[in-house]
Structures are given as C-alpha cells and as structure tokens.
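In this text, residue positions in the sequence shown follow our numbering: the first is 15, and each later residue adds one.
Backbone N, C-alpha and C define an ideal beta-carbon position, used for all residues, glycine too.
Owing to the predicted nature of the structure, the values given are computational and were not obtained by experimental measurement.
Shown next, in structure tokens, is the structure this report addresses.
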Amino acid sequence: EGIHGVSPEDQAKYECKGDPCTFHCFSEPMQEVPRTAINDNFCDCADGSDEPGTSACAGQQQTLFYCPNTGGTPRMVYTSHVNDGICDCCDGSDELASGPTLCNNSCDAEAEERRQLVERLEKGIAAHKEARRSAKNTKQQWRQRIEKMTAEAQQLETQVQQAKDSQIPPGVARRLEAMEGLIAELQKRLESQQLEIQELRRRQDVGTVMDSHQEPASQSSRTGSEAPNSAVAAEAAQPSEAPSDAGNAKAPTSPAEPKKQEPAEAAAKQVSEYAKWMDNSESMLKESESSASTAASSTTTTSIPEAPLTSEQKLSSGAVGASEKDPVVLEKKLNETRDEIARLQGKLDVLVDDKLAYFPLMDRCLEHKVLEYNYKICFFKDAFQGSTSLGTFSRWKGARQVQFKGGTSC
15 EGIHGVSPED QAKYECKGDP CTFHCFSEPM QEVPRTAIND NFCDCADGSD
65 EPGTSACAGQ QQTLFYCPNT GGTPRMVYTS HVNDGICDCC DGSDELASGP
115 TLCNNSCDAE AEERRQLVER LEKGIAAHKE ARRSAKNTKQ QWRQRIEKMT
165 AEAQQLETQV QQAKDSQIPP GVARRLEAME GLIAELQKRL ESQQLEIQEL
215 RRRQDVGTVM DSHQEPASQS SRTGSEAPNS AVAAEAAQPS EAPSDAGNAK
265 APTSPAEPKK QEPAEAAAKQ VSEYAKWMDN SESMLKESES SASTAASSTT
315 TTSIPEAPLT SEQKLSSGAV GASEKDPVVL EKKLNETRDE IARLQGKLDV
365 LVDDKLAYFP LMDRCLEHKV LEYNYKICFF KDAFQGSTSL GTFSRWKGAR
415 QVQFKGGTSC
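Spelled out as structure tokens, the structure:
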C-alpha cells in the first residue's frame, strides 16, 4: 500500500532507500529523516514533502494532498485542507482522521456531473464551429444581395429621373382632361349625326323606288313620237302669259303650293348642318383650351397645392398609371433599397472574421431588471435603461467586450 496523500506517479519517491530506510526532503536532498517520519504529523522538511497526508506542514505550496476519488476525478488540494472537518475529496480521503461517517462518497454523482459538463462543452464546440460556418455562408449571401441591390438602385435612379422628366405638369393634365371630355361628347354627337344621315339615305332610296311605280297608266298606249309630248309637257310647265293687248298685267294664278323637298336636298342640308356643328365644336375646343391655360397660368396671393393626378388622368395624358412609372413610388422603392443595403453592410462591418462565433446573437436582445430599472441590450444595435438610451454599438473591445456610444448623458 502506498503513502497516503501521494499520487501514483510520485509513490516511487517515497520508496525505502538504504538500510535502515531513510527519506530525503525534496527541496533539500542533504536533509535525511527516517522513513518512519513520513506522515507522523510533524513537519521535518521545509517543503512539507515528509507530510503529504497530514496538515502538519500547512502553509507551504510545494507539497499537495492527492485525492484518489475512486469512481470520480482525482484532484490535488492544499495540505492545510487535510483533516479540517470539511470534505474536499469526493471519496472523503482528506478526512480520514474524522472517521468514515463524516464524508459520504459522492464520486459517482460528481462523475455524472463531469460527464454532463463534457457533453455540454462538446456541444458548445460543435455549435461554435457550426456558427462560424453558417456566418461565412450568410456573409457571402449578404455580399451577393448588396451587389444585386446596388445594381437595382442604379437602375431605379435612372427610372426616377426619367419619370420626373416625363411627368406631365398638373396644369397640362387639367387641359388634357377637359379635352378628353369634349372629345367624348363630340364622338357621341358624331355617332348620332351618322345615324341620321343613314336614315335620310334610306328614305331617299325608298322615295326613288316609289316614283318609278307612279308613272301614268296611259304611258303604254301612247302613240307617235316623244317630242310632241315633251313639248306639250314643257309648254304646260311654262306659266301662262296674258294677251299682248292686256299690257303687262299678269293673269291671276292659283295660290302657291308648298314646295316639296327632295330627299337628296334634305340630306345635303343635313350634312351642311353637321359641318356647321363641327366648326362650332372646334371653336368650343379652342375656348376650353384657352380657359384651362388661363386657369393654369393665373396666380393668387394664396398658394394652392396641385391635386395629384388620378389614374384616369394619367392614362388619358399618356403617363401610364402603373406604379413602375410613378416617380413617387419609384423614389420610395429606391430609398428602401438604399436602406436595406446600409443595413446589410452594417452587419458585415460588425461581424468580423474573428467574431463569427457570435453570429447566432445577431438581431437578438436581452432584458434584465436591476432594482427599479429594466435594462435591454440588443447585440450589435443599441442598449436602453428603461426608455433612456445607453448608446448604439460602436466597436469590439477585446475578445468578449463591446462598446456602445452616443447614449443619453446624465
């Protein structure tokens, strides 16, 4: 059996040497004591090497007590802890003088705790490696997104400028709206006139057919040449003249009958009326443009903001009402893209290569109440004491410290 309080590796140092057996102090080899002086509860060596299993040489740090801790993890304690009434070794080997009932063997429980600790550490190391790997992939994705959005932002800048250059002024839009309404009214009238002309032409065709069927029945029994009949008809058509001796007095004539208007004449008259109406419409259009222009150019002492164009006004004015051509919408999208680029670039700046293991803390916050104050710290963003700002993330300070700046002064 070995010397109590000595590790298996050092047991050879306490083997018997010579006859009789003697022991030489470790720090003073020339100092020799009998082997029986080992653990006799009297300090013979200054380094305490002759009392590894007692507290006789307490206060020195060269010689320590070895706890075997069978079933658990061996450890070393100061000799001042030996037989002091406190169980420092899980197997109770440091308190043998107090009897076996003072310290219960808890090495099995400590072994289980150690096993769990090792397991947690191994998981932590694995999580650390995974966090670094994930951070590298995510940073690469952020860089690609920044590159893509930067190109989109350049395109949006061009589109915004083009949209602003092609945007129709409100005064012109009102004129166009008035002209669109007038054109719609003219179109309705034009359609109505066309229907009337078609009806007149239909009536003209019907009248021609009826005239061809109303010739005298005696026409078929006529004999002789057509010339006399034509002459008679012509003579009958001439107004009768009074005899020469009657002077210039005209013979009384029958009351004038109302002249029947031919279909062709009616159609011509209708077309003429339509032409007059069209001329009038042109003057109306010019008056509308003039009044709209006057309203747009007039100034008053009170500035009235222009009303935004409706979708119908944009469509009628040639400015398509789609959002991709609206400068306001485009500029809003441009600002959102720039903000996203700045946000991602900020993350890249704080997540440097030697801090990739902190990637899981990105965008996370912790809260803790101390006395009446509630503290909230968001990693890589900002910190608050209640509603009071403690600053925003500035930089790393050392391996596990960060600095927040710009907080509210006391």
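- Note: Phe398 is bridge-paired with Lys390, Ser403 in the DSSP secondary-structure output.
- In the DSSP annotation of this structure, Arg129 is not part of any beta strand (DSSP E); the continuous alpha helix (DSSP H) holding it starts and ends at 121-180.
- In the DSSP assignment, the residues bridged to Arg409 are Gln417.
- Following the DSSP letters along the chain, one finds Glu65 in no alpha helix (DSSP H), marked with neither H nor E.
- Gly86 sits away from Arg147, with the two beta carbons spaced by 9 Å or more.
- Cβ neighbours of Trp156 within its own chain (closer than 7 Å, five residues either side excluded): Leu358, Lys361, Leu362.
- According to the DSSP assignment, Leu344 belongs to the alpha helix (DSSP H) that extends over 341-364.
- In the structure shown, Arg378 falls within a coil segment according to DSSP collapsed to helix, strand and coil.
- A distance below 7 Å between beta-carbons, with the five flanking residues on each side excluded, links Leu370 to the following residues of its chain, in chain order: Ala145, Arg146, Ala149, Lys150.
- Residue Thr50 holds the alpha-carbon nearest to the alpha-carbon of Cys35 among Glu42, Glu23, Asp24, Thr50.
- With a beta-carbon spacing of about 4 Å, Ser94 and Ala72 fall inside the 8 Å limit used to define contacts.
- Between Thr422 and Thr402, the beta carbon gap of about 5 Å places them in contact (Cβ cut-off 8 Å).
- With 16 or more other Cβ atoms from the protein chains shown falling within 10 Å of its own Cβ, Thr351 counts as buried.
- If you look at Thr36, you'll find it in the beta strand (DSSP E) that goes 36-38.
- Under the three-pair Cβ rule at 8 Å, the region 30-46 counts as touching the region 61-81.
- Counted as a single uninterrupted DSSP element, the beta strand (DSSP E) harbouring Met90 occupies residues 89-92.
- Per the coordinates, the alpha-carbon of Val91 lies some 11 Å from the alpha-carbon of Val20.
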